[in-house]
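When we follow this note's numbering, the leftmost residue of the sequence shown carries the number 91, and every step to the right adds one.
Positions of the beta carbon are idealized from the N, C-alpha and C atoms, including for glycine.
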Amino acid sequence: MTHLATPDSPLVWEAVTRALTGLVGLINAEDRTVAEAVDAAADSIAAAVDAIVERLDRGGRLVYVGAGSSGRAAAGDAAECGPTFSTDQIIAVTNEEEAAEDDQDVGGNDLLAAAVGPNDVVLGVSASGATPYTLGSIDQAKAAGSLTIGLACVAGSELMQRADLGIEVEVGPEVIAGSTRMKAGTAQKLVLNTISTIVMVQLGKTFGNLMVDVQASNEKLRARARRAVALATAANEEDVAAAIAAAEGDPKVAIVSLLAGVDAEAARSRLLAAHGVIREAVADVVG
Numbered sequence: 091m092t093h094l095a096t097p098d099s100p101l102v103w104e105a106v107t108r109a110l111t112g113l114v115g116l117i118n119a120e121d122r123t124v125a126e127a128v129d130a131a132a133d134s135i136a137a138a139v140d141a142i143v144e145r146l147d148r149g150g151r152l153v154y155v156g157a158g159s160s161g162r163a164a165a166g167d168a169a170e171c172g173p174t175f176s177t178d179q180i181i182a183v184t185n186e187e188e189a190a191e192d193d194q195d196v197g198g199n200d201l202l203a204a205a206v207g208p209n210d211v212v213l214g215v216s217a218s219g220a221t222p223y224t225l226g227s228i229d230q231a232k233a234a235g236s237l238t239i240g241l242a243c244v245a246g247s248e249l250m251q252r253a254d255l256g257i258e259v260e261v262g263p264e265v266i267a268g269s270t271r272m273k274a275g276t277a278q279k280l281v282l283n284t285i286s287t288i289v290m291v292q293l294g295k296t297f298g299n300l301m302v303d304v305q306a307s308n309e310k311l312r313a314r315a316r317r318a319v320a321l322a323t324a325a326n327e328e329d330v331a332a333a334i335a336a337a338e339g340d341p342k343v344a345i346v347s348l349l350a351g352v353d354a355e356a357a358r359s360r361l362l363a364a365h366g367v368i369r370e371a372v373a374d375v376v377g
């Protein structure tokens with residue numbers, strides 16, 4: 091196993107001697123390898139998504155856990171899912187105290203407070219795959235009957251041994267030795283974005299590639315909701331505005347109302363029967 095903190099790449103030693111444009115190119119070149127590493131883990135990512143969808147469809151949650159920069163990557167992805175997909179099923183359990191990274195008990199106790207259970211999935215994020223906080227969280231999750239997934243940026247880590255499913259994205263040495271906020275952080279961002287996005291798509295939070303379950307809490311998001319309804323239905327601006335108003339701002343209700351030719355109440359009933367999936371809610375009237 092190549093540890094991320096081992097400066098075994100000659101690029102590390104050249105960093106201080108390069109011109110600024112050379113340094114930009116060096117970091118960019120290294121970053122380009124991250125997407126390839128993520129692609130190599132595609133099968134593992136797909137298996138994780140499949141397992142997550144099954145449990146969230148039963149009302150469970152996806153709970154990210156991590157400490158340090160890994161925890162911040164996890165928290166960032168979870169924070170975006172609420173306003174983007176109107177969901178509370180993706181959350182993050184993290185700890186910003188530096189000493190917490192080294193304590194399995196703290197990780198276990200933090201996860202215990204989240205009250206996870208058999209319908210939940212706990213995804214531990216650790217660049218090294220050896221962070222005690224994350225390992226303790228995974229152990230507590232298994233004890234609670236949750237499915238556990240590990241995301242690490244090296245091969246053969248302790249996290250992979252403890253988790254039920256593993257995602258290994260081998261990014262190699264960092265340009266700045268051991269600075270896992272760089273390639274490892276980018277890899278974590280890509281993987282978590284991929285997982286949360288596909289999970290939400292599978293759960294009917296989009297219509298095609300349109301954001302139709304957005305929390306329209308400001309003008310930017312309200313405009314996005316109007317565009318989504320217009321694109322999904324090909325309705326004119328006046329009809330879109332009326333449908334959204336009748337739907338009390340809910341884009342999915344407005345779309346079903348326009349496509350099925352029903353009022354907002356009937357559209358809500360259709361969506362409820364279709365578990366929130368628009369294409370199923372209008373399947374009898376739209377080919």
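- Less than 8 Å separates the beta-carbon of SER159 from that of GLY275.
- Per DSSP, GLU144 is one residue of the alpha helix (DSSP H) stretching across 132-146.
- Non-local C-beta neighbours of ALA331 in its own chain, meaning closer than 8 Å and more than five positions away in sequence, comprise ARG316, ordered along the chain.
- By the Cβ-count criterion, GLY112 is exposed, with fewer than 16 other Cβ atoms from all chains shown falling within 10 Å of its own Cβ.
- The continuous beta strand (DSSP E) containing ILE181 extends over residues 180-185.
- Beta-bridge partners of LEU213 (DSSP): TYR154, ILE239.
- For the pair of segments examined, the stretch 154-168 was found not to touch the stretch 111-131: the number of CB pairs separated by less than 8 Å stays below three.
- In the same chain as GLY339, and ignoring 5 residues on each side of it, the C-beta atoms closer than 6 Å to its own belong to ALA306, in chain order.
- Between ALA233 and the set ASN199, VAL265, VAL244, the nearest pair of CA atoms involves ASN199.
- By the Cβ test, the stretch 141-152 is in contact with the stretch 207-215, since at least three Cβ pairs between them sit closer than 8 Å.
- Secondary structure note for LEU255: its beta strand (DSSP E) is the uninterrupted segment 255-258.
- With 16 or more neighbouring CB atoms inside 10 Å of its own CB, ALA325 falls in the buried class.
- Close CB contacts of ALA130 within its chain, under the 7 Å cut and outside five residues either way in sequence, are absent.
- Counting only the Cα atoms, PHE297 lies some 11 Å from VAL346.
- In the structure shown, THR221 falls within a coil segment according to DSSP collapsed to helix, strand and coil.
- In the structure shown, THR111 adopts helical secondary structure according to DSSP, grouped into three states.
- Closest by C-alpha distance to LEU348, out of ARG122, VAL372, ILE257, is VAL372.
- The beta-carbon distance between VAL259 and CYS243, rounded to whole angstroms, is 5 Å. This is short enough to meet the 8 Å contact definition.
- Residue burial is scored here from C-beta neighbours: PRO222 has at least 16 other C-beta atoms within 10 angstroms and is therefore classed as buried.
- Cβ-Cβ separation between ALA344 and ALA337: approximately 4 Å, consistent with a contact (criterion under 8 Å).
- Taking each of ALA138, VAL375, ILE368, ASN283 in turn and checking the Cα distance to GLY240, the smallest one comes out for ALA138.
- A residue is called buried once 16 or more other Cβ atoms fall within 10 Å of its Cβ, and LYS310, having fewer, is exposed.
- Counting along the chain, the unbroken alpha helix (DSSP H) around ILE345 starts and ends at 341-350.
- Around the C-beta of ALA132, fewer than 16 other C-beta atoms lie within 10 Å, and the residue is accordingly described as exposed.
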